[in-house]
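Here the structure is laid out as structure tokens; the discussion comes afterwards.
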Amino acid sequence: MAEVTNRETEWDRIRRVVQEHQSALIRYAASIVGGREQAKDIVQEVFLKLCKQSWRDVEGHLVSWLFRVTRNQALDALRKEKRMSLFEKTETLEAVAGVGEIVAGEARKSEAIRSLLELVEQLPSRDREVVTLKFQQGLSYKEISEVTGLTVSNVGYVLHHALKELKQRWKAVK
Amino acid sequence: MKKINKDDPRFTAKALGEQSEELNDREIENQDREAFEELEAFAKSLESEFRAEKDLPEKLDVGQLMALEVAANNRGGDEKRKLIAFPAWTYGLAACLAIGVFSIVVLDRQATEIATLPMAPEEASAFRSKDDGDAIVGNDRLRRDGQTEGALVGRGQAIKAVDEAIPFDQPADSRISAQRREIQLRQAEQNLAVATGSLSRARAEESWSSETNESAQGSLRQFADLAVNAEPVAESQLFRGDLVADRSATVSGIVSQGRATPAIAPMGEKENRIRLASETNPQKKAEAGASWTDRSGVVHPLATPVLHQPLPTDREGYDRIEENEFKGVLDNPLSTFSIDVDTASYANVRRMIESGQRPVADAVRIEELINYFKYDYPQPEGETPFSVNVEAAKAPWSEVNQLVRIGLQGKEVSGEDRPDANLVFLIDVSGSMGQPNKLSLAQESMKLLVEQMGGNDRIAIVVYAGSSGLALPSTTANNKETIRHAIDNLRSGGSTDGGAGIELAYEVAAERFIEGGINRVILCTDGDFNVGVTDDGSLTRLIEEKAKSGVFFSAIGFGRGNYQDGKMEQLSNKGNGNYAYIDSQQEARKVFVDDMLGTLHTIAKDVKIQVDFNPAQIKAYRLIGYVNRKLAKEDFNDDTEDAGEIGAGRSVTALYEIVPANADFEIPSVDASKYVAQHDSSEASSEWLTVKLRYKAPDGDTSQSIEEPFTGEIDREFDVASADFRFASSVAGFGMLLRDSEYKGSISYDRILRIAGNARGRDSNSLRSQFIELVRKAKDLPEGE
Numbered sequence: 002m003a004e005v006t007n008r009e010t011e012w013d014r015i016r017r018v019v020q021e022h023q024s025a026l027i028r029y030a031a032s033i034v035g036g037r038e039q040a041k042d043i044v045q046e047v048f049l050k051l052c053k054q055s056w057r058d059v060e061g062h063l064v065s066w067l068f069r070v071t072r073n074q075a076l077d078a079l080r081k082e083k084r085m086s087l088f089e090k091t092e093t094l095e096a097v098a099g100v101g102e103i104v105a106g107e108a109r110k111s112e113a114i115r116s117l118l119e120l121v122e123q124l125p126s127r128d129r130e131v132v133t134l135k136f137q138q139g140l141s142y143k144e145i146s147e148v149t150g151l152t153v154s155n156v157g158y159v160l161h162h163a164l165k166e167l168k169q170r171w172k173a174v175k
Numbered sequence: 017m018k019k020i021n022k023d024d025p026r027f028t029a030k031a032l033g034e035q036s037e038e039l040n041d042r043e044i045e046n047q048d049r050e051a052f053e054e055l056e057a058f059a060k061s062l063e064s065e066f067r068a069e070k071d072l073p074e075k076l077d078v079g080q081l082m083a084l085e086v087a088a089n090n091r092g093g094d095e096k097r098k099l100i101a102f103p104a105w106t107y108g109l110a111a112c113l114a115i116g117v118f119s120i121v122v123l124d125r126q127a128t129e130i131a132t133l134p135m136a137p138e139e140a141s142a143f144r145s146k147d148d149g150d151a152i153v154g155n156d157r158l159r160r161d162g163q164t165e166g167a168l169v170g171r172g173q174a175i176k177a178v179d180e181a182i183p184f185d186q187p188a189d190s191r192i193s194a195q196r197r198e199i200q201l202r203q204a205e206q207n208l209a210v211a212t213g214s215l216s217r218a219r220a221e222e223s224w225s226s227e228t229n230e231s232a233q234g235s236l237r238q239f240a241d242l243a244v245n246a247e248p249v250a251e252s253q254l255f256r257g258d259l260v261a262d263r264s265a266t267v268s269g270i271v272s273q274g275r276a277t278p279a280i281a282p283m284g285e286k287e288n289r290i291r292l293a294s295e296t297n298p299q300k301k302a303e304a305g306a307s308w309t310d311r312s313g314v315v316h317p318l319a320t321p322v323l324h325q326p327l328p329t330d331r332e333g334y335d336r337i338e339e340n341e342f343k344g345v346l347d348n349p350l351s352t353f354s355i356d357v358d359t360a361s362y363a364n365v366r367r368m369i370e371s372g373q374r375p376v377a378d379a380v381r382i383e384e385l386i387n388y389f390k391y392d393y394p395q396p397e398g399e400t401p402f403s404v405n406v407e408a409a410k411a412p413w414s415e416v417n418q419l420v421r422i423g424l425q426g427k428e429v430s431g432e433d434r435p436d437a438n439l440v441f442l443i444d445v446s447g448s449m450g451q452p453n454k455l456s457l458a459q460e461s462m463k464l465l466v467e468q469m470g471g472n473d474r475i476a477i478v479v480y481a482g483s484s485g486l487a488l489p490s491t492t493a494n495n496k497e498t499i500r501h502a503i504d505n506l507r508s509g510g511s512t513d514g515g516a517g518i519e520l521a522y523e524v525a526a527e528r529f530i531e532g533g534i535n536r537v538i539l540c541t542d543g544d545f546n547v548g549v550t551d552d553g554s555l556t557r558l559i560e561e562k563a564k565s566g567v568f569f570s571a572i573g574f575g576r577g578n579y580q581d582g583k584m585e586q587l588s589n590k591g592n593g594n595y596a597y598i599d600s601q602q603e604a605r606k607v608f609v610d611d612m613l614g615t616l617h618t619i620a621k622d623v624k625i626q627v628d629f630n631p632a633q634i635k636a637y638r639l640i641g642y643v644n645r646k647l648a649k650e651d652f653n654d655d656t657e658d659a660g661e662i663g664a665g666r667s668v669t670a671l672y673e674i675v676p677a678n679a680d681f682e683i684p685s686v687d688a689s690k691y692v693a694q695h696d697s698s699e700a701s702s703e704w705l706t707v708k709l710r711y712k713a714p715d716g717d718t719s720q721s722i723e724e725p726f727t728g729e730i731d732r733e734f735d736v737a738s739a740d741f742r743f744a745s746s747v748a749g750f751g752m753l754l755r756d757s758e759y760k761g762s763i764s765y766d767r768i769l770r771i772a773g774n775a776r777g778r779d780s781n782s783l784r785s786q787f788i789e790l791v792r793k794a795k796d797l798p799e800g801e
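As given, the protein sequences belong to chains A and B, one line each in that order. Using the numbering used here, read the first sequence as starting at 2 and increasing by one per residue. Using the numbering used here, read the second sequence as starting at 17 and increasing by one per residue.
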């Protein structure tokens, strides 16, 4: 680990990364796990991991590193929930506290579609994820591939079809 | 140049502006030009929709950031000595506060004294150190200065936070989510420290205007929330709907010691007491004949509809508390009771007051209020497990009566000497536990506890809801990661009906029974305790029976609205256990970190106190609190009679109000027996009273006794009594006021505030300062509503 100078502490560096990416990462995590508070916890974990990581290991591909780790953490969390099949997952916390939650997947199907984003939410999870990474986070095909583990051409394929689908549905709504 | 058509994924890639040689070399088929432009436009609109969402940025909580800060700084070099650097935005925050507090300070006639306090931001890190005398002294000066007190909102919490600063040798990330709140508090303290010093404003303002401005404002908002309302109880009634499972029968028929106690009085109205119509069959009475009287004197039958009224606390069950009366010493020279180390009532009462409600009288158990606080009693000498400390002075609410305090101090046992623990958590994961401050708080609490446990300690988790199950098999505490995972995985959902929940818990505990260790089932729930054994009687018997086998039972209550206080207390008593109520992260810390392992380590059980009053000196006495802990005088020497336990390092305090023999006081007693020998005061002993104690070793069956005659000064002014004495008295007075006790005498909120304010002592965990805040809040509560 590089020496920490008085001018820029470790925390200063981390903090810059946090400020720049937290919003995007929280949104991304929330798009996977569904709850905003849980998403925040996940993202905090990600930054904690970053604290343990050597800068050299993440230099150059920090963004995709962050997204990849967020993705893994979020999927882990999701898997664990599923394993706990004994108890259905209820996001009562958010509902009670009145925190605006990001509802994923099926939940809004019955409501009238008002925006493109709602259509995106209805996409199958892999498509939704790639579309989100592309349009929300502005990642390149290559970065998306690094985050998701799909090949670059796979990403292209997914986006191609997802957009086609979205466009059609959007037309139908309008 | 090669062409691509609209069915080629590269077509989309190009429309999305993806850059690559491959794509640059390609051109769109002419017939697809229009489709291409359409797709480009579509992509743009999609992007802009996402961007609109981006305008509402998501942010980590301040606490999470602080945790990251710790982790980030721990990363380089010597972890133990490294202190947290303050990010620029804390200075920003400080500036805001500084300006606010500065204006108050300037108005203060002691402004100069305060302004000279040595608290530059660079030195604020000193606040992290427990030992740092200067910082604490600085705070003390502020505390004593009544005029600034009002200005420093959240000061109590902040100071506590300082005292409980995280030890830096802990791996920083391991306790993070659990300590988020703690960290927020610490941060509040830092900011206050900086602000009170009103120093370095220039520097702060410089940072304020820097790029972190935005983040600082966000933090400020959060801080403001935190400071103004440290524990906002924001539970909505939304979830009342799913609680309508018909449990009214349980609610209406809690039977305690042969007495029906259907305590469903609507919140905050002490007049709404339930009157029992007949005195025969208690269960029947509760269901059929009970009624309650409202403030206008109208008597309402206690029918089911009352139970279903959607009042916020209508499902909370409290056992009726009938305060102890004065007893004539001639008729009843012996007063016998079991100790009680529980503190749940205080946290519960605090929760009600902080949510703006006047506590239900029956929720106020004065002894639990008093025992919530630590008192500075000396450690026992020799082999005795506790020291006995008696003190007396005038009662602050009476011209004539005296107060006698009996304080027991359990022996401290150092961490290494603590026996190994085998804990089985029995967690209620029913839907209602998903509300804030319930399951989430239970999870954080357990994580805090896991950090305290050693490699030989074991923890297991059994959950119950729609079905029950083993969420974590008994695991040694060095597998912290595994345990934390299991804890994190707990989710709420389903209705409470635990099948074999409690049996499973006991089974797991028995499997890993540690001979001579702490074996305990710990129930965490927000309400109805339907763990499979349905009727109260057999549940009580089960718990009693298991306690005999060496597995004790503790109950921890969470949340509100559906909360069965009386039942929880009763069960934990039968199980030789403790009962606590947790309403905040801070309380979780107190119960799980400061108290739990000590509390669980029982150093003496069935501890009974019998006070023998000398009629030559004392005409009458009244035990304050301990209402449901009273024992018959014969029980004292009866070793089969169950009583309270005392844990390592815990203290227990009881107060008697006594009427001196020469006082002009009519004892509301029965006719004196004509056979009782007339006592002759000239021959009588000059002793006032003798305190006798009986206790058993944790695994013993026969009791040992201690006798401690009190010959000390008794008729002395209240003000010369020790700070501990005065503080305990003020807490007792507070309890009596909340209960609107007929014995409250001349006590008033202002008087309590004065007494407690002067008796704060060292208050290292600032619980006493918080008490004062609480009294203030209670004072401002609307009367009777």
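Don't be surprised by glycine CBs; every beta carbon is placed ideally from N, CA and C. This structure is a prediction, so every number in the text was calculated from the model and none was measured.
Which whole-angstrom value is the C-beta distance of residue i and residue j, which I expect to be below 8 Å?
| i | j | result |
| --- | --- | --- |
| lysine 41 of chain A | leucine 76 of chain B | 6 Å |
| isoleucine 15 of chain A | leucine 51 of chain A | 7 Å |
| isoleucine 43 of chain A | glutamine 74 of chain A | 5 Å |
| leucine 506 of chain B | isoleucine 572 of chain B | Contact doesn't hold; Cβ gap of about 14 Å is too wide. |
| serine 32 of chain A | threonine 149 of chain A | Serine 32 of chain A to threonine 149 of chain A, Cβ: 13 Å. No contact. |
| serine 745 of chain B | leucine 671 of chain B | 7 Å |
| valine 668 of chain B | asparagine 387 of chain B | 6 Å |
| asparagine 417 of chain B | valine 675 of chain B | 6 Å |
| glutamate 407 of chain B | phenylalanine 741 of chain B | 5 Å |
Determine the direct distance from the alpha carbon of residue j to that of residue i, and round the result to whole angstroms.
| i | j | result |
| --- | --- | --- |
| alanine 502 of chain B | alanine 664 of chain B | 29 Å |
| leucine 55 of chain B | arginine 26 of chain B | 12 Å |
| glutamate 527 of chain B | asparagine 438 of chain B | 10 Å |
| valine 807 of chain B | phenylalanine 750 of chain B | Nothing can be reported for residue 807 of chain B: it is not among the residues displayed for chain B, which extend from 17 to 801. |
| isoleucine 771 of chain B | phenylalanine 734 of chain B | 10 Å |
| phenylalanine 66 of chain B | glutamine 602 of chain B | 39 Å |
| valine 627 of chain B | proline 798 of chain B | 39 Å |
Quick check on residue i: does DSSP put it in helix, strand or coil?
| i | result |
| --- | --- |
| threonine 228 of chain B | Residue placement at threonine 228 of chain B is poorly supported in this model, since its pLDDT is 38, which falls under 50; the coordinates still yield a value, given next. In the structure shown, threonine 228 of chain B sits in coil (DSSP, three-state: anything other than H, G, I, E or B). |
| glutamine 451 of chain B | coil |
| leucine 140 of chain A | coil |
| valine 429 of chain B | coil |
| leucine 647 of chain B | strand |
| lysine 19 of chain B | strand |
| alanine 664 of chain B | coil |
| serine 361 of chain B | helix |
| arginine 434 of chain B | coil |
| asparagine 90 of chain B | helix |
| proline 25 of chain B | helix |
Which residues does DSSP pair with residue i in a beta bridge?
| i | result |
| --- | --- |
| glutamate 497 of chain B | Bridge partners of glutamate 497 of chain B: none, in fact. |
| glutamate 673 of chain B | B:Leu419, B:Arg638 |
| glutamate 723 of chain B | B:Lys708 |
| lysine 624 of chain B | B:Ser354, B:Arg710 |
| aspartate 444 of chain B | B:Tyr480 |
| lysine 343 of chain B | B:Tyr637 |
Going along chain D, which residues have a C-beta under 7 Å from residue i?
| i | result |
| --- | --- |
| glycine 36 of chain A | No chain D is present in this structure, whose protein chains are A and B. |
Any 3 or more C-beta pairs closer than 8 Å across the region 712–727 of chain B and the region 618–634 of chain B: Taking 8 Å as the limit for Cβ pairs, the verdict is that the region 618–634 of chain B does touch the region 712–727 of chain B.
Cβ pair count under 8 Å reaching 3, the region 364–378 of chain B against the region 396–404 of chain B: No, because fewer than three Cβ pairs between the region 364–378 of chain B and the region 396–404 of chain B fall closer than 8 Å, the two stretches do not touch.
Inter-stretch contact at 8 Å, needing at least 3 Cβ pairs: the region 560–570 of chain B / the region 525–542 of chain B: yes
The region 635–649 of chain B / the region 596–609 of chain B touching (three or more Cβ pairs under 8 Å): No, the region 635–649 of chain B is not in contact with the region 596–609 of chain B.
Touching by the beta-carbon criterion (3+ pairs, under 8 Å), the region 773–791 of chain B and the region 421–428 of chain B: The region 773–791 of chain B vs the region 421–428 of chain B: no contact.
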